[in-house]
Amino acid sequence: MLLQIGLDIGSTTAKIIAMQRSEIVHEHYIRHYSDIQNAVLSLWEQLMRLHPDAEATVCMSGSSGLSFSELAGIPFLQEVVACTKAVKLLAPETDTAIELGGEDAKIIYFRGGIEQRMNNACAGGTGAFIDQMAALLETDPAGLNELASRYETIYPIASRCGVFAKTDIQPLLNEGARREDIAASIFQAIVNQTISGLACGRPIRGKVALLGGPLTFLPMLRERFP
16 MLLQIGLDIG STTAKIIAMQ RSEIVHEHYI RHYSDIQNAV LSLWEQLMRL HPDAEATVCM
76 SGSSGLSFSE LAGIPFLQEV VACTKAVKLL APETDTAIEL GGEDAKIIYF RGGIEQRMNN
136 ACAGGTGAFI DQMAALLETD PAGLNELASR YETIYPIASR CGVFAKTDIQ PLLNEGARRE
196 DIAASIFQAI VNQTISGLAC GRPIRGKVAL LGGPLTFLPM LRERFP
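Here this note's numbering is used: the first residue of the sequence shown is 16, the next is one more, and so on.
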């Protein structure tokens, strides 16, 4: 058996996928809590237990994967390039792809020539921001999603960074605003940040692919995108 293995190490999570003749035979996704070595070993050992005799080719990606790939002698593919190739292969009808990660956000335009944009050092509107806002509401991201499913009102909240967002959210909490409404407003703020910070005025039209952990696991966040 020959496997094609992809290992992505992001700012907050690690993922592994194994394919055989274009079919997925194994996939797993975990938070690494900055203990990247043990997280990768855990993913790898799990795969080896399932396919102990397999031969494999391996490629790495992710914001935390470059140095690890150099240490391990594994080929590295930059994550935006990998994302672009995957979307072109699996969803060629896509006009625009938006991806939210643990600490970065990306937008890729596929029409009129490929254009790739990524956020700067600020993690506003990403998974780290969601973690911080969920903690402010004394819940976790899944709880934030559950709260947002019962919203009635959207409030303006900054998502450029957690500090600015907190200065908007804390007065709402003090005034007795519903946590459900604040949760949905946080998701709307992330949408606003993504569009204003990455699109920078360029229209997002046609078929849009939404990618990355927050958009995969938080359906109420997906629903906020127009």
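The beta carbon of each residue, even a glycine, is placed where N, CA and C say it ideally should be. The structure displayed is predicted, hence computed values, not measured ones.
Can you say whether Ser211 is buried or exposed, counting buried as having 16 or more other CB atoms within 10 angstroms of its CB?
Exposed, because fewer than 16 other Cβ atoms sit within 10 Å of the Cβ of Ser211.
Distance between Leu58 and His43 (C-alpha atoms, nearest Å):
Rounded to the nearest angstrom, the two C-alpha atoms are 7 Å apart.
When you compare the segment 66 to 84 with the segment 185 to 203, are there three or more beta-carbon pairs, one atom per stretch, that lie closer than 8 Å?
Touching, no, given that fewer than three Cβ pairs across the two stretches are closer than 8 Å.
In whole angstroms, what is the alpha-carbon distance linking Ala106 and Tyr124?
For Ala106 and Tyr124, the distance between alpha carbons rounds to 13 Å.
Just tell me which of Ile24, Glu238, Pro156 has its CA closest to the CA of Phe91.
Answer by Cα proximity: Ile24.
Do Ala112 and Leu225 have their beta-carbon atoms positioned less than 9 Å apart in this structure?
A distance below 9 Å separates the beta carbons of Leu225 and Ala112.
Exposed unless 16 or more other CB atoms sit within 10 angstroms - verdict on Lys100
By the neighbour-count criterion, in which a residue is buried when 16 or more other Cβ atoms sit within 10 angstroms of its Cβ, Lys100 is exposed.
Provide the residue(s) that pair with Glu114 in DSSP beta bridges, ordered along the chain.
Paired residues: Lys121, Leu226.
Proximity winner among Leu65, Gln147, Leu233, relative to Glu161 (alpha-carbon distances)
Checked all of Leu65, Gln147, Leu233; the closest Cα to Glu161 is Leu233.
Measuring alpha carbon to alpha carbon, tell me which of Gln208, Pro218, Leu18, Ile51 ends up nearest Gln35.
Distance check between Gln35 and each of Gln208, Pro218, Leu18, Ile51 places Leu18 closest, using alpha-carbon atoms only.
Tell me which residue opens and which closes the beta strand (DSSP E) that Arg132 is part of.
In the DSSP annotation of this structure, the continuous segment of the beta strand (DSSP E) that includes Arg132 starts and ends at 130 to 133.
For Met16, count neighbouring Cβ atoms within 10 angstroms of its own Cβ and tell me buried if that reaches 16, exposed if not.
Exposed is the call here.
6 Å CB neighbourhood of Gly128 in its chain, flanking five on each side removed
Take Gly128, set aside five residues on each side of it, and no residue of its chain has a beta-carbon closer than 6 Å to its own.
Out of Gly221, Val102, Ala149, Ile145, point me to the one whose CA is closest to Pro229's CA.
Just measuring C-alpha positions, the residue of Gly221, Val102, Ala149, Ile145 sitting nearest Pro229 is Ile145.
CB Leu22 to CB Cys74, shorter than 9 Å?
Remark: C-beta atoms of Leu22 and Cys74 approach each other more closely than 9 Å.
Quick one: using the 10 Å Cβ neighbour count with 16 as the cut-off for buried, is Leu236 buried or exposed?
Buried.
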